[in-house]
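What follows is a single structure, written as structure tokens, with notes after it.
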Amino acid sequence: TYTEIGVPDPHHPLTHHGNDPEKIARMAKINAFHVSLFAYFLEKLKATPEGDGCLLDHALYLYGSGMGNPNVHDHVNLPILVAGGGAGSLKGGRHIKYVEPTPLANLHLTLLEKAGV
12 TYTEIGVPDP HHPLTHHGND PEKIARMAKI NAFHVSLFAY FLEKLKATPE GDGCLLDHAL
72 YLYGSGMGNP NVHDHVNLPI LVAGGGAGSL KGGRHIKYVE PTPLANLHLT LLEKAGV
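Below is the structure:
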């Protein structure tokens, strides 16, 4: 439950919203809360000096979901964000939309490659 943001419901049952506008609004509130926490985390990394830049410059973070619409468990239009510079291995400030059906695993493999794994 998310009483701190006024959502008394557990997360998972809300994802099966059945197109109920009230449940969708609560999910949007939870999603906004999660994104605000991630943004706070990224700001902390950005404010932490590391070598020739900051910790965020030298890190890779993947944030998002494996479902585009959890109500029907679909895997299309996934809300995915990649943050960090990967020690110079990633170019930032871009929005990339891949053609369907591009497996999410392709992104995971690319990030592992960029991290030198």
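Mapped onto our numbering, the consecutive letters of the sequence shown carry residue numbers 12 to 128. The beta-carbon is built from N, C-alpha and C at its ideal position, and this holds for glycine as well.
Whole-number beta carbon distance between residue j and residue i, since they are thought to touch under 8 Å
i	j	result
Pro53	Leu67	The residue you asked about is not Pro; residue 53 is Leu in the sequence shown. Contact flag correct, Cβ pair sits at about 6 Å.
Lys125	Leu89	Going by Cβ atoms, the distance from Lys125 to Leu89 rounds to 19 Å, so no, they are not a contact pair.
Gly75	Leu92	6 Å
Gly103	Gly96	7 Å
Asp20	Thr26	With 8 Å as the limit, Asp20 and Thr26 do not qualify as a contact, their Cβ atoms being about 10 Å apart.
Bridge partners - residue i, DSSP secondary structure assignment
i	result
Val18	Tyr13
Tyr139	The displayed coordinates of the chain run from 12 to 128. Any statement about residue 139 would go beyond what the structure contains.
Glu61	Gly64
For residue i, the nearest candidate out of the options (CA to CA)
i	options	result
Lys34	Gly17, Ser47, Lys55 and Gly127	Gly17
Phe44	Leu115, Asp31, Ala94 and Thr14	Thr14
Ala94	Gly77, Glu111 and His106	His106
Leu115	Lys57, Leu25, Asp63 and His86	His86
### Query
Can you list the beta strand (DSSP E) stretches of 3 or more residues lying completely in the stretch 81–117, in chain order?
91–94
### Query
Should the stretch 26–38 be regarded as contacting the stretch 77–97, the criterion being three or more beta carbon pairs within less than 8 Å?
yes
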